[in-house]
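Peer 1:
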Amino acid sequence: MAIWNPHFECMAKDELHQLQLEKLQATLNRVYRSVAFYRKLFDQMGLVPDEINSLDELSRIPFTGKTTLRASYPYGMFAVPLREVVRLQCTSGTTGEPIGVGYTRNDLTHWTEVSARVLCAGGVTKNDVVQICFDYSLFGGGLGFHYGAELVGASVIPGSNLDPARQVVIARDYRTTALIATPGFAIRLAAVVREKGLGPADIHLKRGLFTGEPFSERTRKQIEDELNI
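Plus 26 on top of the position in the sequence shown (first one is 1) and you've got my numbering.
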């Protein structure tokens, strides 16, 4: 498996745990200082951020569920002033009210970096043509992979919400080598490939990264076999 950032991805375990602890402490202090919900919650629990001195104390920190996040929509959980937020997005809201998300420039830099790590681990290189079949609107998945793929150096096709038939034509014409989509959409693309009478010589896919919904080992095998990846 290829590694994008050896410094962080191959860090010794004790160094990694120390980094995680420092990030955790910084996050707890930031939300206590800047987010009224957490300040009230921590005070009610008697949780003092500076007293968290070990990752073993994670169990002391409460979960934040979707109900709470939805109740704070859109700005209630923001830990920085809105003037520092350069992008506003939200979840699709398919199972309830949407959850608001805001990103600073530094957030986007980190997001791009971790997306590059995922893509690199999946075999994507600067020699690939990456076709992204995620929506590019308020849902964040497409943009994360897009900028990550550009950082890797790949050529990126923002397929976004093109219908399956058009996606297959684009993949054939531009010789797409890496596909990013939901598993369900990949199955639909495979069906269109069959309907058009196309084969491995016409579709040049070598790899795929699929997320956004659960899928089984059987589905993974079906995608591999039908798209020849």
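The beta-carbon is built from N, C-alpha and C at its ideal position, and this holds for glycine as well.
1. Along the chain, where does the beta strand (DSSP E) that runs through Val-127 open and close?
2. Between the Cα of Ser-181 and the Cα atoms of Ala-197, Gly-166 and Gln-51, which residue gives the shortest distance?
3. For the alpha helix (DSSP H) that Arg-192 lies in, which residues bound it at each end?
4. Taking a contact to mean a Cβ-Cβ separation below 8 Å, would you say Pro-32 touches Tyr-58 in this structure?
5. List the whole-angstrom C-beta distance separating Met-37 from Ala-147, where the pair is believed to meet the contact cut-off of C-beta under 8 Å.
6. May I ask you to list the residues that DSSP assigns as paired with Ile-29?
7. Is the stretch 200 to 207 in contact with the stretch 144 to 162, if contact means three or more CB pairs nearer than 8 Å?
8. Could you check if Thr-93 is buried or exposed, using at least 16 other CB atoms within 10 Å of its CB as the buried criterion?
9. According to DSSP, Phe-236 sits in a beta bridge with which residue or residues?
10. Identify, in the order they occur along the chain, each residue of the same chain with its Cβ nearer than 6 Å to the Cβ of Thr-117, setting aside the five sequence neighbours on each side.
Peer 2: Quick look at the numbers:
1. 126 to 129
2. Ala-197
3. 190 to 199
4. no
5. Their Cβ separation, rounded to whole angstroms, is 15 Å, which puts Met-37 and Ala-147 out of contact at 8 Å.
6. Ile-29 pairs with nothing; no bridge assigned.
7. Yes: at least three Cβ pairs fall under 8 Å.
8. Flag for Thr-93 reads exposed.
9. Ala-207
10. Once the five neighbours on either side are set aside, the close Cβ partners of Thr-117 are Pro-124 and Ile-125.
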